[in-house]
């Protein structure tokens with residue numbers, strides 16, 4: 012194993028958006044079993060330090076690959092494409108209008124204490140996000156990195172909105 016290996020190589024996987032998450036889980040557990048710091052408790056300082064570096068690297072790689080949005084950003088990074096999420100917030104007007112409509116619906120349901128409506132919005136948005144991830148997988152399969160970058164930026168907005176809906180649902184349940 013090479014600690015400088017990309018996340019996919021670390022787990023013996025080919026780079027790609029579509030992953031078998033149970034296979035990833037299994038590979039992660041195998042690596043953690045090999046490098047977990049507890050296995051090196053009686054080793055020298057250098058070995059313990061290296062074990063900790065490996066365990067940290069494996070954990071970071073796993074956390075990135077198991078989440079589709081983070082995996083997509085990582086794949087784009089490997090392909091030399093920067094999502095520029097922090098510096099480039101420009102989005103098409105129709106997408107921004109759609110976001111405003113979603114946020115208004117969420118605010119209205121939240122302020123009205125409408126748990127059922129928030130669940131409906133959550134389910135509708137989750138379906139939309141899942142469809143967009145399917146499209147993203149196709150774009151990666153076709154090597155369409157520029158379009159994939161745009162779709163990732165849109166998904167970042169949608170995932171944030173889904174989090175806000177979940178937060179609204181949780182606040183109503185308290």
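In our numbering, the protein residues as written are 12 to 185.
Glycine included, C-beta positions come from ideal geometry on N, C-alpha and C.
Assign residue i to one of two classes, buried (16 or more other C-beta atoms within 10 Å of its C-beta) or exposed (fewer than that).
| i | result |
| --- | --- |
| residue 159 | buried |
| residue 171 | exposed |
| residue 103 | exposed |
| residue 89 | exposed |
| residue 57 | exposed |
| residue 32 | exposed |
| residue 72 | buried |
| residue 107 | exposed |
Using only CA atoms, which one of the options lies nearest to residue i?
| i | options | result |
| --- | --- | --- |
| residue 139 | 115, 109, 76 | 109 |
| residue 86 | 151, 177, 176, 179 | 151 |
| residue 174 | 122, 155, 114 | 114 |
| residue 185 | 38, 126, 16, 167 | 126 |
| residue 183 | 29, 26, 118, 163 | 118 |
| residue 94 | 106, 105, 80, 107 | 80 |
| residue 142 | 39, 169, 130 | 169 |
| residue 154 | 167, 70, 83, 105 | 83 |
| residue 180 | 164, 163, 128, 23 | 128 |
| residue 75 | 91, 21, 54, 164 | 21 |
| residue 132 | 146, 144, 112, 147 | 112 |
| residue 163 | 147, 177, 178, 176 | 147 |
Where does residue i sit, in a helix, a strand or coil, going by DSSP?
| i | result |
| --- | --- |
| residue 167 | helix |
| residue 108 | helix |
| residue 15 | coil |
| residue 149 | helix |
| residue 79 | helix |
| residue 71 | helix |
| residue 102 | coil |
Open item on the list: Would you call the stretch 39-46 in contact with the stretch 54-69, where contact means no fewer than 3 C-beta pairs closer than 8 Å?
Closed with: The stretch 39-46, when compared against the stretch 54-69, does touch it at the 8 Å Cβ threshold.
- [ ] Say whether the stretch 13-26 touches the stretch 135-149, bearing in mind that this needs 3 or more beta-carbon pairs closer than 8 Å, one atom from each stretch.
- [x] no
Open item on the list: Could you tell me which whole alpha helix (DSSP H) segments of length 4 or greater appear in the stretch 17-54?
Closed with: 18-21, 32-46
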